[in-house]
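There are 2 protein chains.
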Amino acid sequence: MANAAGSTKATIEFYFDFISPFGFCASLRVDDLARKYGRTAAWSSMLVGVSVMKVMNLPPIRDLPLKGPYQKRELARYVRKHGISLGHDVQTEPAYPIPAGRAFHWLNHHQPELAKPAAKAILNAYWIDGRDIGNSEVVAELCTSVGAERQTVLQAIQGEEGSALLRAAVDRSLAKGVFGSPFFIIDGEPFFGLDKMELIEEWLATGGW
Amino acid sequence: MANAAGSTKATIEFYFDFISPFGFCASLRVDDLARKYGRTAAWSSMLVGVSVMKVMNLPPIRDLPLKGPYQKRELARYVRKHGISLGHDVQTEPAYPIPAGRAFHWLNHHQPELAKPAAKAILNAYWIDGRDIGNSEVVAELCTSVGAERQTVLQAIQGEEGSALLRAAVDRSLAKGVFGSPFFIIDGEPFFGLDKMELIEEWLATGGW
């Protein structure tokens with residue numbers, strides 16, 4: 001599992017939820033950032049619906065007064081600055097994240113070289129092209145586009161093993177204290193939020209403090 | 001009210017809660033940052049207990065699993081980097097923030113030139129010296145040290161006017177969408193969190209985007 005989070009000391013563990021816009025924005029930068037400092041980014045999807053709603057017992061941020069509207073504005077400011085054209089309206093109900101999570105973690109376990117390309121294809125399909133990644137057929141098609149087998153992916157989404165692998169990955173992320181998207185663990189240090197990417201760069205450049 | 005938030009276009013509105021460690025850390029940098037770009041920082045205290053607990057109906061972050069422990073670690077990393085020695089244990093129950101808030105907003109209304117010095121004295125006394133700013137006598141003494149009259153400050157804390165001024169200020173902050181500490185409004189743009197100070201600098205340096 002060369003791609004699994006935490007596999008080497010130099011690894012940047014990158015946690016994201018497929019349905020988190022801030023996680024998507026981080027996904028566009030994290031590999032370049034890691035490479036610049038001789039590191040590798042190990043991607044792992046998590047579920048904000050579990051960490052925020054079940055473990056912390058909080059409502060989704062987008063439903064909150066004050067913070068909900070603020071986050072939409074912050075996202076708009078970020079994508080404006082970085083020239084990203086979102087094809088997905090963050091005001092709408094997010095997609096069902098389970099098919100993407102199961103497919104990702106099944107691939108990460110059995111065909112790790114395909115996991116990150118599949119994650120990128122799924123994230124881009126959802127956030128740029130506005131496709132419904134809650135649909136298993138869509139996820140299977142996207143995984144197929146990076147070299148996975150369609151029937152294998154559908155089985156990963158619908159079968160017990162994919163479900164167990166996703167649950168185990170989410171449990172591992174919670175055990176490491178991961179509660180939001182994006183979340184990074186570098187040299188044992190946790191960094192939460194897209195805002196942290198400049199601080200992370202400083203950490204990588206200086207060796208930390 | 002030269003010191004009141006929002007008084008001029010070039011003003012950086014800086015919102016903080018006296019009992020927020022991240023707000024304290026921001027208070028140490030915001031004036032220098034504003035000055036560097038020909039701006040002025042207008043300080044205004046708010047109450048996270050109102051915005052978070054009453055308006056958003058959320059528990060205090062420090063009581064949350066995952067996010068509570070994370071925030072303590074993030075704060076420790078920040079103060080380590082910036083060479084700040086906190087004299088206050090963030091694990092303990094925070095001080096009662098009302099005396100400081102009333103004194104600040106009474107001064108901001110009647111003797112605005114004293115409001116910011118008083119806020120700095122109170123913040124430093126709490127976060128560096130570990131004093132109990134929930135005690136009116138302590139707040140009065142601290143305000144006296146920057147030129148206010150002791151009896152006037154005690155009256156501001158205990159009387160109806162100081163109470164009304166604080167309530168009005170908190171209501172204004174909520175109307176502007178302020179929900180946490182620190183919070184900045186610059187050129188009409190809201191920025192939440194200590195993490196935003198580098199982004200704010202970029203905004204000020206470039207004129208925004």
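Those protein sequence lines, which keep their order, are chains A and B. In terms of my numbering, the first sequence has 142 at position 142, counting the first letter as 1, and numbering is strictly consecutive. In terms of my numbering, the second sequence has 151 at position 151, counting the first letter as 1, and numbering is strictly consecutive. C-beta atoms are modelled at their ideal positions from N, C-alpha and C, and glycine is treated no differently. Please read these numbers as outputs of a predicted model, since none were measured by experiment.
Positions of the alpha helix (DSSP H) runs, each at least 4 residues long and wholly inside the segment 80 to 113 of chain A, are given as 98 to 110 in order along the chain.
At a C-beta separation below 8 Å, arginine 77/B has these neighbours in chain A: Glu189, Trp209. Cβ proximity to chain A below 8 Å picks out Leu64, Pro65, Leu66, Lys67, Pro69, Tyr70, Arg73, Glu74 from the segment 61 to 75 of chain B.
Against chain A, a Cβ distance below 8 Å from valine 55/B picks out Pro65, Leu66. An exposed status is given to aspartate 63/B, since fewer than 16 other beta-carbon atoms sit within 10 Å of its beta-carbon. At a beta-carbon threshold of 8 Å, none of the residues of chain A lie near aspartate 31/B; the nearest stands roughly 22 Å away. For a Cβ distance threshold of 8 Å, residue set Gly193, Asp195, Lys196, Leu199 of chain B lies close to aspartate 195/A, ordered along the chain. In the DSSP assignment, glutamate 189/B is bridged to Ile186/B. Each of Pro99/B, Ser51/B, Phe14/B, Ser20/B was checked against the Cα of alanine 34/B, and the nearest Cα belongs to Phe14/B.
Alanine 156/A is classed as buried because its beta carbon has at least 16 other beta carbons within 10 Å across all chains shown.
Annotation for alanine 42/A: the continuous beta strand (DSSP E) segment containing it runs 40 to 45.
Within chain A, the residues placing a beta-carbon under 7 Å from that of arginine 80/B are Trp209, ordered along the chain. By the neighbour-count criterion, in which 16 or more other beta carbons inside 10 Å mark a residue as buried, histidine 105/B falls on the buried side. For phenylalanine 14/B, the enclosing beta strand (DSSP E) begins and ends at 11 to 16. Membership of leucine 199/A in the alpha helix (DSSP H) is indicated by the continuous run 197 to 206. Using beta-carbon distances, leucine 123/A does not count as an interface residue toward chain B, since no partner is under 8 Å. At a cut-off of 8 Å, the C-beta of leucine 58/A has a neighbouring C-beta in chain B. In this structure, the alpha-carbon of valine 170/A lies about 17 Å from that of leucine 58/A.
Listed along chain A, no residue sits closer than 8 Å to serine 163/B by beta-carbon distance, the nearest being about 23 Å off. Taking 7 Å as the cut-off between beta carbons, none of the residues of the segment 22 to 48 of chain A comes near chain B. Of all residues in the segment 176 to 188 of chain A, only Gly177, Phe179 place a beta-carbon less than 7 Å from a beta-carbon of chain B. For valine 139/A, the enclosing alpha helix (DSSP H) has its first and last residue at 136 to 144. Of the residues Asp195/A, Glu201/A, Leu204/A, the one whose Cα lies closest to the Cα of valine 79/A is Asp195/A. Ranked by Cα distance from histidine 109/B, the options Ile84/B, Gly83/B, Ser163/B are led by Ser163/B. Within chain B, the residues whose beta carbon sits less than 7 Å from that of serine 51/A are Leu66, listed in sequence order.
Between the beta-carbon of threonine 40/A and that of alanine 10/A there is about 7 Å, and that keeps the pair under the 8 Å contact cut. Here phenylalanine 18/A really is in contact with alanine 100/A; their C-beta atoms are around 4 Å apart, less than 8 Å.
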